[in-house]
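*Asks:*
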Amino acid sequence: MYAPNSCHFVSLVGYDMSLSNYTCTVLIICNHKIEGMHICILLNKKCKFFMSKQYFFVQQMQNKEDALQTETELLSTFDYAWNTRSNCEQENGKICGHTVTASFETTLRWAEKLANCPSFSNCDCFTVTKTLEQGGSKLLHRWQQVAPQIDENLFIRVIIQPGNGTVPGKRTVTTSYNALFLGGANRLLQVMKHGFPELGLTRKDCVETSWIKSVLYIAGYPDGTTPEVLLQGKSTTKAYFKAKSNFVREVITEKSLNALWKIFLQDDGPLMIWNSYGGKMSRIAESASPFPHRKGVLYKIQHVTGWLDGEKSMAKHTNWMRKFYFYMAPYVSKYPRETYVNYTDLDIGMNQKNNTSLLEASSWGYRYFKGNFNRLVKVKTKVDPSNFFRHEQSIPLLPTGKKE
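Using full-length UniProt numbering, you'd call the opening residue of the sequence shown number 1 and step up by one each time.
1) Could you give the DSSP three-state label for GLN54: helix, strand or coil?
2) List the endpoints of the continuous beta strand (DSSP E) containing LEU154.
3) Can you tell me whether ALA185 is helix, strand or coil according to DSSP?
4) Can the beta-carbon of LEU199 be found closer than 8 angstroms to that of MET192?
5) With LYS213 as the anchor, note down where its alpha helix (DSSP H) starts and where it stops.
6) Opposite ALA315 in the DSSP bridges: which residues?
7) With distances taken between CB atoms, is the gap from THR339 to PRO396 smaller than 8 angstroms?
8) For LEU346 and GLY220, what's the separation of their Cα atoms in angstroms?
9) For HIS303, which beta-bridge partners are listed by DSSP?
10) Quick one, which of LYS242, GLY165, GLY224 and LEU216 has its alpha-carbon nearest LYS234's?
11) If you draw a straight line from the C-alpha of LEU132 to the C-alpha of LYS380, how long is it?
12) By DSSP's criteria, PHE126 is part of a beta bridge. Which residues make up the other side?
13) Name the residue from THR172, GLN302 and LEU358 whose alpha carbon lies nearest to the alpha carbon of ASN258.
14) Count the other CB atoms, across all protein chains shown, that sit within 10 Å of the CB of GLY401; report buried if there are 16 or more and exposed otherwise.
15) Do the stretch 226–245 and the stretch 274–289 touch if we need at least three Cβ pairs shorter than 8 angstroms?
16) Where ARG157 and PRO385 are concerned, what is the direct C-alpha to C-alpha distance, given to the nearest angstrom?
17) Taking 8 angstroms as the limit between beta carbons, can you name the residues of its chain near LEU358, skipping five residues before and five after?
18) Between the stretch 262–274 and the stretch 161–170, do at least 3 Cβ pairs fall closer than 8 angstroms?
19) Suppose contacts are defined by Cβ-Cβ distances below 8 angstroms. Is THR175 in contact with LEU201 by that definition?
20) Identify every residue that forms a DSSP beta bridge with GLU208.
21) For VAL173, which of helix, strand or coil comes out of DSSP?
22) Where does residue 410 land, buried or exposed, given buried means 16+ other C-beta within 10 angstroms?
23) Could you give the distance in angstroms between the alpha-carbon of VAL229 and the alpha-carbon of ASP124?
24) Would the beta-carbon of ASN354 fall within 8 angstroms of that of GLN393?
25) If you drop the 5 nearest sequence neighbours on each side, which residues of the same chain put their C-beta closer than 8 angstroms to that of ARG337?
26) Ignore the nearest five residues each way along the sequence and tell me which others in PHE126's own chain have a CB closer than 6 angstroms to its CB.
27) My assumption, with CB atoms under 8 angstroms, is that residue 444 sits in contact with THR209. Please give the rounded CB distance.
28) What does a CB cutoff of less than 6 angstroms around TYR325 pick up in its chain, not counting 5 residues either side in sequence?
29) With which residues is GLU131 paired in a DSSP beta bridge?
30) Quick check: the Cα distance between residue 435 and LYS295, rounded to an integer number of angstroms?
31) Can you have a look at VAL167 and say buried or exposed, based on whether 16 or more other CB atoms are within 10 angstroms of its CB?
32) Measure the Cβ-Cβ separation of VAL251 and GLN144 and say whether it is below 8 angstroms.
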């Protein structure tokens with residue numbers, strides 16, 4: 001996520017193995033829509049390149065030299081467009097590096113410019129917690145229907161964990177609705193009143209903050225933490241944990257939720273985070289990038305179990321996690337059972353040491369990438385035929401002698 005008070009220019013020159021041609025790709029990230037449109041108009045006037053409403057540009061060429069020249073012309077155009085604006089400070093662009101990732105394209109050059117402009121808005125965050133005794137299951141059932149369709153400036157996730165019940169010694173389940181809204185409290189209250197009145201959000205629940213401090217809020221840092229802590233790269237927890245993931249495409253009924261809680265509370269330290277999808281995620285085609293979990297996904301679940309005593313309790317917690325994952329099967333995506341690649345899950349398969357097998361890798365490859373997995377295998381075979389870059393779940397090569 002980029003700060004709403006900045007405009008970010010990113011250019012990529014690469015070779016697209018799946019299309020067999022060079023590309024120059026430019027992304028303009030500017031949350032201030034008027035400023036972004038102004039830049040697009042200037043770009044169109046100066047160089048007649050195609051710019052979409054999302055400020056995303058891709059130009060295909062037949063050779064690397066043309067691609068690099070196009071990049072130079074575009075970055076020059078950025079300078080022209082941005083310098084026409086007033087009250088802005090510009091930082092010099094610089095080459096940031098190059099990489100080969102789970103992508104259809106081999107990146108040959110990556111350049112970016114970051115220009116700061118005055119802040120035009122603040123963010124509002126809130127966390128509202130409900131227990132089962134307060135109608136938690138009914139509210140969560142409603143959230144599944146609302147969250148993917150609500151105002152695109154509002155993101156609401158649900159953090160689910162055990163809590164103390166009304167009966168002494170008996171645990172319950174708490175559902176915490178943790179949200180970020182790009183806008184002020186007045187507008188947020190209007191959006192919630194129209195789209196999700198069941199939560200009962202009030203003004204005193206709203207926390208007005210800057211964008212960078214909202215990152216601290218969502219990450220769970222204590223009040224008063226300075227943004228510099230983000231430069232340390234340290235986790236907010238020191239617990240051991242095991243995580244798995246699911247994508248949900250159909251609303252889970254209230255009855256099924258109540259049955260789910262019985263399994264959930266069997267563990268000492270369970271946690272689920274339900275992240276809503278919809279919006280922009282649904283408008284991008286599955287084949288546009290390796291990440292395929294797009295249209296039709298309501299939300300993603302991160303399942304976590306945590307413990308503090310190292311290997312002593314590891315088997316107990318991981319066994320429970322696998323049991324809970326098995327129990328969730330009827331309620332989540334199928335054929336394949338989609339999984340989020342950034343929550344690495346070695347339970348679904350892994351490569352042999354120093355070797356990758358297309359057949360074995362398919363067990364996790366289709367879960368992570370769906371139909372894009374085959375394209376990634378072709379790219380991997382061309383870019384890294386010796387399989388130098390590998391890990392437990394890296395993309396495999398095509399079998400020796402097999403044509404694409």
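Note that the Cβ used here is the ideal one computed from N, Cα and C, for glycine as well.
*Replies:* From the atom records:
1) Low confidence applies here, because GLN54 scores a pLDDT of 35, under 50, leaving its location unreliable; read the following figure in that light. Note: GLN54 maps to coil in three-state DSSP.
2) 154–164
3) helix
4) yes
5) 211–219
6) None; ALA315 has no bridge partner.
7) no
8) 27 angstroms
9) LYS244 and MET272
10) LEU216
11) 48 angstroms
12) ALA179
13) THR172
14) In this prediction, GLY401 has a pLDDT of 47, which is less than 50 and means its spatial position is unreliable; what the coordinates show is noted afterwards. GLY401 comes out exposed.
15) no
16) 41 angstroms
17) VAL377, PRO396, LEU397, LEU398 and PRO399
18) yes
19) no
20) ASP124
21) strand
22) The requested residue 410 is not part of the displayed model; the chain covers only 1 to 404.
23) 21 angstroms
24) no
25) ASN246, ALA329 and ARG367
26) ALA179, ASP205 and CYS206
27) There is simply no residue 444 to check, as the chain begins at 1 and stops at 404 in what is shown.
28) LYS244
29) A quick correction: the sequence has Thr, not Glu, at residue 131. THR131 pairs with THR174.
30) This structure gives no information on residue 435, because the portion of the chain shown stretches from 1 to 404.
31) exposed
32) yes
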